[in-house]
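Trainee: In the working numbering, the protein residues as written are 7 to 74.
From the three backbone atoms N, C-alpha and C, an ideal C-beta is built for every residue, glycine too.
Pasting a structure below so you can have a look.
Structure, rendered in structure tokens:
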């Protein structure tokens, strides 16, 4: 079961969430973020990612807190 680390908002104003999930679940979670927070409005992106053993992906999603 994947765990999300607590969201944080550093001085740059972005909201970040880090996930550690099996590969397919990681893809699904990233798609979920892009659907909920469209890139054009929220500047959503996968900020960083790395492969862990057993086909697990750790990644950090980043977005603006609002679409204003």
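Could you tell me how far apart the beta carbons of residue 22 and residue 50 are, in whole angstroms, since I believe they sit closer than 8 Å?
Mentor: About 11 Å separates the two Cβ atoms, so there is no contact after all.
Trainee: If I follow the unbroken alpha helix (DSSP H) through residue 68, where does it start and stop?
Mentor: Where residue 68 is concerned, there is no enclosing alpha helix (DSSP H), although the beta strand (DSSP E) it sits in stretches over 62–69.
Trainee: DSSP three-state label for residue 49, please.
Mentor: Correct three-state label for residue 49: coil.
Trainee: State yes or no: is the C-beta of residue 58 within less than 9 Å of the C-beta of residue 24?
Mentor: Cβ distance not < 9 Å, so residue 58 and residue 24 don't count as in contact.
Trainee: Could you give the distance in angstroms between the alpha-carbon of residue 67 and the alpha-carbon of residue 55?
Mentor: One C-alpha to the other measures close to 9 Å.
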